[in-house]
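Asks:
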Amino acid sequence: MDYLSDFLSFGAAQHLDFLTWHTYTFHSWDLGSLDHLPLNTSNPGWQKLLDPDGLSMTADINRRLQNLAKEHGVDAERLWLTETNSIPHQGLWNATNAFLNCFWLVHQMSTL
Numbered sequence: 136m137d138y139l140s141d142f143l144s145f146g147a148a149q150h151l152d153f154l155t156w157h158t159y160t161f162h163s164w165d166l167g168s169l170d171h172l173p174l175n176t177s178n179p180g181w182q183k184l185l186d187p188d189g190l191s192m193t194a195d196i197n198r199r200l201q202n203l204a205k206e207h208g209v210d211a212e213r214l215w216l217t218e219t220n221s222i223p224h225q226g227l228w229n230a231t232n233a234f235l236n237c238f239w240l241v242h243q244m245s246t247l
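Using our numbering, the first residue of the sequence shown is number 136, and each one after it goes up by one.
(1) Entirely within the segment 158 to 182 and at least 4 residues each: give me those alpha helix (DSSP H) ranges in chain order.
(2) Quick one: what's got a C-beta closer than 8 Å to Leu247's C-beta in the same chain, skipping five residues either side?
(3) Along the chain, where does the beta strand (DSSP E) containing Trp215 start, and where does it finish?
(4) Given this structure, state the Cα-to-Cα distance separating Ala233 from Ala147, to the nearest angstrom.
(5) Taking only three categories from DSSP, how would you classify Thr246?
(6) Which same chain residues end up closer than 8 Å to Ala211 when comparing Cβ atoms and leaving out the 5 residues on each side of it in sequence?
(7) Just tell me which of Gln149, Trp228 and Arg199 has its CA closest to the CA of Trp181.
(8) Any idea if His207 is buried or exposed, counting beta-carbon neighbours within 10 angstroms, 16 or more meaning buried?
(9) Compare the beta carbon distance of Phe145 and Arg213 with 9 Å and say whether it is the shorter of the two.
(10) Around the C-beta of Trp239, are 16 or more other C-beta atoms found within 10 angstroms, so that it is buried, or is it exposed?
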């Protein structure tokens, strides 16, 4: 967040139409798997996808960005989350392309 604060401190906010951000809650290895492979349900790490405490990252980042934007005169309407998913790099088979990811998505949308 420091780089964004520095950028906005130099007066960039007045020249921005929108301030967009991307977020991914987990990496595949956080869930006990590797990119592009099937979800490893024998590793208990996959259950983080269903743990509300582990899903608060997006809300925390959003709150920090809103405070930073407000501090530098960027209206909340110009702060956009433009890309998100539970796992980057095309996700995990049987997780991000399956019903399991719906729980993550509903949680994310309800916190923003």
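Positions of the beta carbon are idealized from the N, C-alpha and C atoms, including for glycine.
Replies: Taking the coordinates as given:
(1) Correct list: empty.
(2) Start at 1 with the first residue of the sequence shown, and residue 247 comes out as number 112. Within the same chain, Leu247 has close Cβ partners Thr193, Ala194, Asn197 and Leu216.
(3) As a working note, residue 215 is residue 80 in the sequence shown. Element bounds for Trp215: Leu214 to Asn220.
(4) Here the question's residue 233 lines up with position 98 in the sequence shown. Here the question's residue 147 lines up with position 12 in the sequence shown. So the alpha carbons of these two residues sit roughly 40 Å apart.
(5) The residue given as residue 246 occupies position 111 in the sequence shown. DSSP places Thr246 in helix when its eight states are reduced to three.
(6) Position 76 of the sequence shown, counted from the first residue, corresponds to residue 211. Counting only Cβ-Cβ distances below 8 Å, and skipping sequence neighbours, we find Gln201, Ala204 and Lys205.
(7) If you number the sequence shown from 1, residue 181 lands on position 46. Per the C-alpha coordinates, the member of Gln149, Trp228 and Arg199 positioned closest to Trp181 is Trp228.
(8) The residue labelled residue 207 in the question sits at position 72 within the sequence shown. Classification of His207: buried, given that the 10 Å Cβ count is 16 or more.
(9) Taking the sequence shown and counting its residues from 1, the one referred to as residue 145 is at position 10. Taking the sequence shown and counting its residues from 1, the one referred to as residue 213 is at position 78. No, the Cβ-Cβ distance between Phe145 and Arg213 is not below 9 Å.
(10) Residue 239 sits at position 104 when you count from the first residue of the sequence shown. Buried.
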